[in-house]
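In what follows, a structure is listed as structure tokens, so that the remarks can point back to it.
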Amino acid sequence: MASRSSIEWTEVTWNPIAGCTILSPGCTNCYAMRMAARLAAMGQDKYQGTTRKSGGRAKWTGRINVVDAALDEPRTWKAGRLVFVNSMSDLFHEDVPPEAIRRVFATMSATPQHTYQVLTKRADRLLELSSELPWPRNVWMGVSVENADYAWRVDRLRRTGAKTRFLSLEPLLGPFHDLNLDGIDWVIVGGESGPGARPMDPDWVRSIRDQCIAARVAFHFKQWGGVVKKRSGRIIDGRTWDEMPNGR
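Residue numbering for the sequence shown follows this note's numbering, starting at 11 and increasing by one per position.
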């Protein structure tokens with residue numbers, strides 16, 4: 011089932027796939043690892059075997075669980091929703107079968123009343139499969155990029171067939187002094203939150219905001235983060251930034 015989401019830039023999450031592996035520095039304190047362990051302990055089959063305890067913390071095992079019954083779930087929703095796809099996995103993970111990816115895209119194509127937000131760190135596989143997938147206008151495709159060392163993911167995204175492209179610079183772990191925003195419609199920025207949260211320099215955020223303004227790209231500031239993110243809030247220079255692409 012879809013779950014109402016507290017994520018500021020979406021309404022609900024849809025997770026037909028569960029499980030992942032750590033890929034790059036932005037994954038170190040992934041909230042989904044902690045959540046998957048908690049849900050498995052509560053008896054939810056979808057998350058069984060996806061995490062293990064290491065050093066007292068939940069870590070991905072690399073197991074990927076595809077829930078066939080959930081792949082078509084949005085077809086039963088009548089009212090349009092803003093849907094974050096696979097908040098508990100990565101749709102383009104190397105162990106997600108291509109057929110499962112195609113079924114997710116088929117469901118998204120068949121339900122134009124919804125707007126889908128797909129986010130991946132596996133930009134190479136995204137580009138590899140792009141030509142085999144339909145790209146309806148209700149699918150927004152994004153890549154997660156935590157610092158300038160992984161800016162190449164943005165180049166891969168630009169070469170896909172997605173009509174709306176976005177960046178999630180969260181957790182933001184370093185500056186982006188010259189972010190190429192050609193072909194990008196939306197940028198989300200956020201600090202890391204939860205146990206072990208790494209600090210974010212406010213000037214990194216201001217620089218990205220100003221680059222978005224100059225390029226006329228929608229900018230969304232999600233959070234300052236920290237161990238308890240509610241304490242630090244999401245106001246920058248006296249205001250919140252909740253811009254969305256496509257006039258939403």
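Heads up, the beta-carbon is just placed ideally off N, CA and C, and yes, glycines get one too.
Given the structure is predicted, the values throughout are model-derived calculations rather than measurements.
{"Check": "Thr71 to Ala28 span [Cα, whole Å]", "Outcome": "11 angstroms"}
{"Check": "Simplified DSSP assignment, three categories, for Gln221", "Outcome": "helix"}
{"Check": "Own chain, CB closer than 6 angstroms to Ser178, minus 5 neighbours either side, in chain order", "Outcome": "Leu129, Gly152, Ser154 and Ile198"}
{"Check": "CA-to-CA distance, Leu49 to Met210, given in whole angstroms", "Outcome": "29 angstroms"}
{"Check": "Element boundaries [beta strand (DSSP E), containing Ala158]", "Outcome": "Element bounds for Ala158: n/a, residue is neither H nor E."}
{"Check": "Residue burial classification, Gly248 (beta-carbon count within 10 angstroms, cutoff 16)", "Outcome": "exposed"}
{"Check": "Buried versus exposed, by CB contacts within 10 Å (16 or more), Met118", "Outcome": "buried"}
{"Check": "Residue from Pro26, Glu138, Val114 and Phe94 with nearest C-alpha to Trp19", "Outcome": "Phe94"}
{"Check": "Beta-carbon spacing of Pro84, Trp24 below 8 angstroms", "Outcome": "yes"}
{"Check": "Inter-residue Cα distance where the pair is Ser242 and Trp234", "Outcome": "6 angstroms"}
{"Check": "For Arg169, the nearest candidate out of Ile194, Gly53, Pro146 and Met98 (CA to CA)", "Outcome": "Ile194"}
{"Check": "Asp15 versus Pro212, Cys30 and Arg91, residue with shortest Cα-Cα distance", "Outcome": "First, the residue type needs correcting, since residue 15 is Ser and not Asp in the sequence shown. Closest option to Ser15, Cα to Cα, is Arg91."}
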